[in-house]
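Numbering (UniProt numbering), first residue to last: 5 to 324. In this text, a Cβ means the ideal position worked out from N, Cα and C, and glycines have one as well. Small disclaimer: the values here were computed from a predicted structure and weren't measured. Reviewing the structure listed below.
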Amino acid sequence: HFLLMTTDQLADVKFRLSEVLPQIAAHLSQRSERGQVAQYIPPLARIDPGKFGMAIVLNDNSVHAIGDAQEAFSIQSISKVFALTLALGKLGDGLWRRVGREPSGDAFNSIVLLEHEKGIPRNPFINAGAIVTSDVLLASHEPRETIGEILRFVQFLAEDSDISIDPFVAQAETATGFGNFALANLLKANGNLQNLPEQVLGVYHHQCSIAMTCRQLAQAGAFLVSEGRNPLNGFQIVAPERARRINALMMTCGHYNGSGDFAYRVGVPAKSGVGGGVLAIVPRIASIAVWSPGLNQHGNSLLGTEALEMLCKEMRWSVF
Ligand code: DON
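Below, the structure is given as structure tokens:
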């Protein structure tokens, strides 16, 4: 495929990765300031902040990994990329009648714009927008069917059935998710939820509780690298245009009110989660998953962002 790398380019990328990845891991392992592990979901608050893993999938399916890349972590908001992909498959552009495509400039869990803007969330990656997306997927099914659909989609993308939902995280999120209930109730009051808030949040909290390794996550995201086609199995997951648009949303909204800073520092589309994971897409070149549980002030991985900044600088990867 002319858009993807040639054999020579691939060989060069692999060689440079073999040098750069150990340098990044060594550099970051000395860091004592590692950010703060998410406190508001009790099982996440117990995760060791010393963890660090990274996996890179190239479009010949080779995986280049370092550190704790084989340890499962809570993907949290990164699940919003997979849920959005499924919801676009169901509604197509009709989804945009219920959720916008603009960065919010507010925190991921903010409620302030929702009343002003008549219950239409700014984008599908803030919590309010992701709750609408979960409602679209729920349609008139039972929550457990929809949760199964999202999980099976992720397993299919990663070609790995050994991916599951952490029931303790899901339970803790439901028990502490009062802000999400407020968002869901306001959405419902504005006529932008078809189902009841507790059913929709059942789906949303479970999708956030999917646990994956860096390796699995990078593989699941690989269809966004190669114009919608999964390099693992050759399936066209979405049309090329849709893959580009999902990447555009990740670029503009994937890090909430830290999205501008992330674009400036790293320069590729990416989605973060409060579990400390980040999925980053270098179109036509690489799918990258990084995990370091300590977060910065915007709820995005502190060292994960730094690792991506170093990697993309050294590899000269940028969409700009
Ligand atoms: O709704 C929540 O609060 C979490 N389940 C997910 C939030 C999240 O990952 C935001 N990310 N940085």
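Taking the Cα positions, residue 279 is about 31 angstroms away from residue 98. Around the CB of residue 322, fewer than 16 other CB atoms lie within 10 Å, so the residue is classed as exposed.
Of the candidates 188, 30, 201, 248, 30 places its Cα closest to the Cα of residue 58. In the three-state reduction of the DSSP assignment, residue 58 falls in the strand class, which pools E and B. Taken in chain order, the complete alpha helix (DSSP H) segments of 4 or more residues contained in the region 152-181 are 171-180. For residue 90, the closest alpha carbon among the candidates 108, 107, 128 is that of 128. Here the distance from the Cβ of residue 209 to the nearest heavy atom of the ligand DON is below 7 angstroms.
Straight-line measurement puts the Cα of residue 220 at about 33 angstroms from the Cα of residue 191. Short of 6 angstroms from the beta carbon of residue 46, and not among the five residues preceding or following it, lie these beta carbons of its own chain, in chain order: 176.
When DSSP reads this structure, residue 282 sits in a beta bridge with 276, 294.
DSSP places residue 77 within a strand segment (E or B) once states are collapsed to three. Between residue 161 and residue 224 the beta-carbon gap is near 4 angstroms, inside 8 angstroms, which marks them as a contact. In this model, residue 22 and residue 68 are separated by some 8 angstroms (Cα to Cα). Restricting attention to 78, 314, 136, the CA atom closest to the CA of residue 101 is found in 136. The residue among 40, 275, 56, 277 with its C-alpha nearest the C-alpha of residue 33 is 56. Minimum Cα-Cα distance from residue 183 among the listed residues 44, 79, 235 corresponds to 44. From the listed residues 218, 42, 215, 122, the smallest Cα separation to residue 189 is found for 122. Put simply, of 276, 110, 8 the residue whose alpha carbon is nearest the alpha carbon of residue 65 is 8. At the C-beta level, residue 289 and residue 251 stay beyond 8 angstroms of one another. For residue 25 and residue 180, the gap between their C-alpha atoms comes out near 37 angstroms. The beta-bridge partner set that DSSP reports for residue 67 consists of 61. The three-state reading of DSSP puts residue 241 in coil, since its state is none of H, G, I, E or B. The beta-carbon separation of residue 142 and residue 207, rounded to 5 angstroms, stays under the 8 angstroms limit for a contact. For residue 9, there is no enclosing alpha helix (DSSP H), as DSSP marks it with neither H nor E. For the pair residue 146 and residue 79, the Cα-to-Cα distance works out to about 23 angstroms.
Remark: the shortest separation between the CB of residue 212 and any heavy atom of the ligand DON falls under 7 angstroms. Secondary structure note for residue 135: its alpha helix (DSSP H) is the uninterrupted segment 131-142. Shown here, residue 233 sits in a strand according to DSSP, grouped into three states.
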